[in-house]
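Structure, as structure tokens:
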Amino acid sequence: MSNIEKVREFIVENFLFGDDTSLKNDTSFLEEHIIDSTGMLEVITFLEETFDIKINDDELLPENLDSLDNIDAFLKRKQSA
Amino acid sequence: MNTNQPVFVHEFLEHSALRFPDKTALIFQKERITYREIDNRANALARKLIELGIKTGDRVLLLLENRPEYVISYYGIMKAGAVAVPVNTDVKPPGLQWLVKDTGAETLVSSSAFYRVFHDFNFADAGIKNIIIFNPKPGQKDFGVAVTTWEDAISSPDESSPNVTVDKDSTASIIYTSGSTGNPKGVALSHQNIVSNTQAICASLELTDADIQMVVLPFFYVMGKSLLNSHFALGATVVINNTFLYPATVLKQMAQEQVTGFSGVPSTYAFLLHRSPLASYRDQLPHLRYCSQAGGHMAKTLKIALRRALPEHTKIFIMYGATEASARLTLLDPQFYESKMDSVGKPIAGTTISIVDEDGKPVPAGVEGELVAQGPGIMSGYWNNPEATAAVLDDIGYHTGDLGYMDTDGFIYISGRKDNQIKVGGNRINTQEIEDLLLETGLVVEAFITGVPDTMLGNKLVAIAVAANKETDTQEILSACARIMPKYKIPQTLLLVSSLPKKITGKIDKNSCLELISEHSNNKQNNNKGSEHEQH
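Line by line, the protein sequences give chains A and B.
So my numbering is basically just the index in the first sequence, starting at one, shifted up by 435.
So my numbering is basically just the index in the second sequence, starting at one, shifted up by 319.
Shown next, in the form of structure tokens:
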């Protein structure tokens with residue numbers, strides 16, 4: 436399973452209650468009200484544990500985390516660093 | 320009407336537009352909008368509403384995110400003599416249907432951001448006759464009723480106020496809040512209620528026209544609305560930032576815009592303290608004069624951490640309030656932040672609070688009783704609901720349902736809720752309503768809901784339920800919940816059991832249910848398996 440598929444599965448299961456019809460790879464979690472601030476903490480924990488990375492507080496930015504595409508690109512940058 | 324002292328809520332905007340026409344009133348993304356521009360557009364919108372048939376006292380639903388169009392609509396609706404009814408942006412179709420019915424509103428102001436709610440919504444059947452829509456997406460939704468685009472709605476060549484006459488005691492806004500009978504109750508607030516409370520808040524926080532407030536709380540929520548009104552009352556500047564999910568963006572803008580005030584509920588501060596670069600921004604916030612916290616009890620550990628994290632010059636105001644009180648009831652003077660840390664302070668100007676026993680008699684200092692408030696900010700009643708009104712308003716004031724005590728220095732402490740309402744995040748939740756909604760899914764035959772302490776949310780909702788059939792799992796039930804209730808009302812933990820503990824009378828044994836939850840919590844620490852699901 437690719438990174439993006441793992442994240443998608445997590446988001447769908449935890450925030451969309453199994454319904455993935457509205458989630459495209461470029462869907463904004465913020466604009467579509469998919470994740471709130473408490474949920475974002477769960478996403479961060481999931482990313483850190485699943486991909487064995489440390490996300491710094493100043494990396495909590497829309498360009499890193501606000502869509503599956505953005506997370507995918509962010510993970511690639513983190514894992515290659 | 321333009322006297323020195325505002326009488327009507329929309330006069331906050333009008334007076335500031337006269338005093339500071341070219342001053343920036345709102346900052347939203349890359350937009351900077353002056354008081355004159357907002358006032359002119361609100362006047363134009365009011366004229367359009369009147370043209371559409373809106374009459375004095377008519378209710379107008381307002382379903383918009385925090386953005387300039389919300390502000391223009393809020394004041395524009397009141398300039399037309401109508402009643403602004405803000406709608407929770409997490410509303411689902413059944414909730415919207417209920418609001419339309421309860422308010423009798425025939426007009427809705429909204430945007431294409433809510434097409435997800437409108438998808439299967441029949442406006443004509445619900446009773447809506449007019450929709451004003453911001454940023455419409457042609458072809459995506461046939462509303463089946465008259466539609467006016469936002470551009471048309473604010474395009475009147477006459478940008479002067481329509482000068483509709485209303486009484487200061489007439490209803491300005493109805494704000495819906497969870498009620499003890501299950502359905503939300505509409506808190507009817509008059510112009511006088513909101514104006515008086517706003518002025519008391521301005522005085523308490525020593526706000527001036529030089530203040531710049533960062534707003535991350537929604538305007539549909541009474542605390543968010545009070546931030547708007549208190550800053551517009553003085554001609555100050557409001558920065559709208561809807562990206563608190565990514566707190567670094569908020570902190571960066573606070574530094575850039577030289578923000579002087581920030582306000583949040585406990586979970587706002589928990590998030591800022593747990594996962595944000597607040598510490599590294601500490602030296603970049605020299606203008607941050609104060610932070611205020613309301614919306615429920617904030618844990619002492621969070622208060623201590625917040626004091627350490629904020630710049631030394633930043634004052635922290637702890638506040639307590641209620642939608643029924645227009646917004647705020649008490650404030651803890653920052654000089655007592657450490658020495659009276661568990662207190663919500665003393666009543667704000669014009670408000671009195673007494674602590675009473677079950678017979679309504681005042682109790683001595685240190686003795687727990689119910690907080691009863693009096694003052695010009697207290698609502699006239701719940702919309703269309705005399706029974707609910709009579710249950711909380713009497714000749715001694717508004718019975719808050721909050722239990723607490725006063726110390727010998729007059730400081731008030733809250734110890735709990737009298738009924739079964741609990742605060743989750745900034746939202747007051749009625750457990751009975753959630754139990755009813757769970758049963759409405761058709762997948763659950765009985766349910767018990769309670770709140771358990773949570774460091775982030777204050778409380779989190781835990782449900783114990785009996786599924787309608789053994790094939791039903793927690794995921795299926797929560798999916799069904801998500802279709803009919805906003806996210807904040809969905810239990811974070813759902814335990815499925817074969818039956819709920821009962822008393823001999825057949826009533827659900829709440830104490831045994833609580834023991835089950837406690838048992839589950841203990842088991843979970845040892846073994847993370849079981850018939851349960853957790854979502855956040």
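Note that the Cβ used here is the ideal one computed from N, Cα and C, for glycine as well.
Which residues in the same chain have their Cβ closer than 6 Å to the Cβ of Glu388/B, if we skip the five residues on either side of it in sequence?
-> Within the second sequence, numbered from 1, the residue matching residue 388/B stands at position 69. Around Glu388/B: Phe453.
Below-8 Å beta-carbon distance, Ser472/A vs any chain B residue = Sequence index remark: in the first sequence, residue 472/A carries index 37 (1-based). For Ser472/A, the answer is yes, since a Cβ of chain B falls inside 8 Å of its Cβ.
When the Cβ atoms of the stretch 583-594 of chain B are set against those of the stretch 530-546 of chain B, are three or more pairs found closer than 8 Å?
-> yes
Name the residues in the stretch 437-452 of chain A whose C-beta lies less than 9 Å from a C-beta of chain B; which are they?
-> Glu448, Asn449, Phe450, Leu451, Phe452
Length of the line joining the Cα atoms of Leu776/B and Ser475/B | Residue numbering aside, residue 776/B sits at position 457 when the second sequence is read from its first letter. Residue numbering aside, residue 475/B sits at position 156 when the second sequence is read from its first letter. Roughly 45 Å separates the two Cα atoms.
Just how far apart, CA to CA, sit Ile836/B and Gly770/B?
-> In the second sequence, counting from the first residue as 1, residue 836/B sits at position 517. In the second sequence, counting from the first residue as 1, residue 770/B sits at position 451. Cα-Cα distance, rounded: 10 Å.
At which residue ranges does the stretch 451-524 of chain B contain complete beta strand (DSSP E) runs of 3 or more residues, listed in the order of the chain?
-> 465-468, 490-496, 504-509
Answer with yes or no whether the minimum CB distance from Ile479/A to chain B is below 8 Å.
-> For this step, residue 479/A is matched to residue 44 along the first sequence. So yes, Ile479/A belongs to the interface.
Could you tell me if Gly498/B is buried or exposed, where buried requires 16 or more neighbouring beta carbons within 10 angstroms of its beta carbon?
-> Taking the second sequence and counting its residues from 1, the one referred to as residue 498/B is at position 179. The predicted position of Gly498/B is uncertain, since its pLDDT is 49 and thus under 50; no value can be drawn from it.
Beta-bridge partners of Ala766/B, as assigned by DSSP | By one-based count along the second sequence, residue 766/B stands at place 447. DSSP, once it has assigned bridges, lists Ala784/B as partnering Ala766/B.
Flag this pair as touching only if the stretch 526-533 of chain B and the stretch 627-638 of chain B have three or more C-beta atom pairs under 8 Å; answer yes or no.
-> no
Jot down the residue ranges of each uninterrupted alpha helix (DSSP H) in the stretch 379-414 of chain B, minimum 4 residues, whole runs only, in chain order.
-> 387-398
Boundaries of the beta strand (DSSP E) in which Arg366/B is found, first to last residue = Start at 1 with the first residue of the second sequence, and residue 366/B comes out as number 47. Run containing Arg366/B: none in the beta strand (DSSP E); it sits in the alpha helix (DSSP H), 354-370.
With C-beta atoms as the reference, is Pro497/A less than 8 Å away from Leu451/A?
-> Numbered from its first residue, the first sequence carries residue 497/A at position 62. Numbered from its first residue, the first sequence carries residue 451/A at position 16. For Pro497/A and Leu451/A, no; Cβs fall outside 8 Å.
Comparing the C-beta of Leu476/A with each C-beta of chain B, is any distance below 8 Å?
-> Counting from 1 along the first sequence, the entry for residue 476/A is found at position 41. True, the Cβ-Cβ gap to chain B drops below 8 Å.
Does DSSP classify Lys511/A as helix, strand or coil?
-> In the first sequence, the residue the question calls residue 511/A occupies position 76. If DSSP states are grouped into helix, strand and coil, Lys511/A belongs with the helices.
Return the bridge partner residues of Leu636/B from the DSSP annotation.
-> By one-based count along the second sequence, residue 636/B stands at place 317. Checking the sequence shown, residue 636/B turns out to be Phe, not Leu. Answer is Ser611/B.
Look at the alpha carbon of Ser463/A and the alpha carbon of Asp501/A, and state the distance between them as a whole number of angstroms.
-> For the purposes of this step, residue 463/A is taken as residue 28 along the first sequence, with counting starting at 1. For the purposes of this step, residue 501/A is taken as residue 66 along the first sequence, with counting starting at 1. One C-alpha to the other measures close to 5 Å.
Work out the CA separation of Phe538/B and Ile753/B for me, nearest whole Å.
-> The sequence position of residue 753/B within the second sequence is 434, counting from 1. The sequence position of residue 538/B within the second sequence is 219, counting from 1. About 24 Å.
Verify the CB distance criterion: does Pro497/A have a CB-CB separation below 8 Å to chain B?
-> Taking the first residue of the first sequence as position 1, residue 497/A is located at position 62. Yes, because at least one Cβ of chain B sits closer than 8 Å to the Cβ of Pro497/A.
Backbone CA spacing between Pro810/B and Arg608/B [nearest angstrom] | As a first step, residue 810/B must be located in the second sequence, where it is residue number 491. As a first step, residue 608/B must be located in the second sequence, where it is residue number 289. Approximately 37 Å between the Cα atoms of the pair.
Could you name the residues of the same chain whose beta carbon sits closer than 8 Å to that of Leu476/A, not counting the 5 residues immediately before and after it, in chain order?
-> The sequence position of residue 476/A within the first sequence is 41, counting from 1. So the list is empty, once near-sequence residues are dropped.
With DSSP as the reference, please indicate the residues paired to Ala574/B in a beta bridge.
-> Counting from 1 along the second sequence, the entry for residue 574/B is found at position 255. Partner(s): none; Ala574/B has no beta bridge.
For the stretch 788-799 of chain B, enumerate the residues whose C-beta is nearer than 7 Å to any C-beta of chain A, in chain order.
-> Gln794, Leu797, Ser798
For Gln693/B, which of Thr719/B, Ile447/B, Val763/B has the nearest alpha-carbon?
-> As a position in the second sequence, residue 693/B is number 374, starting the count at 1. Answer by Cα proximity: Thr719/B.
Below 7 Å between beta carbons is the criterion; list the residues of the stretch 544-568 of chain B that meet it against any residue of chain A, in chain order.
-> Thr562, Phe563, Leu564, Tyr565, Pro566, Ala567, Thr568
Just to confirm, are Ser611/B and Leu524/B a CB contact at a threshold of 8 Å?
-> Within the second sequence, numbered from 1, the residue matching residue 611/B stands at position 292. Within the second sequence, numbered from 1, the residue matching residue 524/B stands at position 205. Yes; because the gap between Cβ atoms is below 8 Å, this pair is in contact.
Anticipated Cβ contact below 8 Å, Val506/B with Tyr639/B, distance rounded = Start at 1 with the first residue of the second sequence, and residue 506/B comes out as number 187. Start at 1 with the first residue of the second sequence, and residue 639/B comes out as number 320. So it is not a contact: roughly 16 Å between Cβ atoms.
Which residues in the same chain as Phe339/B place their Cβ atom closer than 6 Å to its Cβ, once the five residues preceding and following it in sequence are excluded?
-> In the second sequence, the residue the question calls residue 339/B occupies position 20. Cβ neighbours of Phe339/B beyond the five flanking positions: Tyr354, Gly554.
Measure from the C-beta of Ser595/B to each C-beta in chain A and report whether the shortest distance is under 8 Å.
-> The residue you call residue 595/B lines up with position 276 of the second sequence. Yes, its Cβ sits closer than 8 Å to a Cβ of chain A.
Going by other Cβ atoms of all chains shown within 10 Å of its Cβ, with 16 needed for buried, is Ala786/B buried or exposed?
-> Looking up residue 786/B in the second sequence gives position 467. Classification for Ala786/B: buried.
The beta strand (DSSP E) spanning Ser582/B covers which residue range?
-> Numbered from 1 along the second sequence, position 263 holds the residue referred to as residue 582/B. Run containing Ser582/B: 580-583, per the beta strand (DSSP E) assignment.
Have a look at the DSSP bridge pairing and note the partners of Lys779/B.
-> For the purposes of this step, residue 779/B is identified with residue 460 of the second sequence, where counting begins at 1. Answer by DSSP bridge pairing, in chain order: Val771/B.
Contact check, Leu371/B vs Thr408/B under 8 Å by CB: the rounded distance?
-> By 1-based counting over the second sequence, the position of residue 371/B is 52. By 1-based counting over the second sequence, the position of residue 408/B is 89. Incorrect: roughly 23 Å between the Cβ atoms, too far for contact.
State whether the stretch 464-484 of chain B contacts the stretch 408-423 of chain B, with contact taken as three or more CB pairs (one from each stretch) at a distance under 8 Å.
-> no
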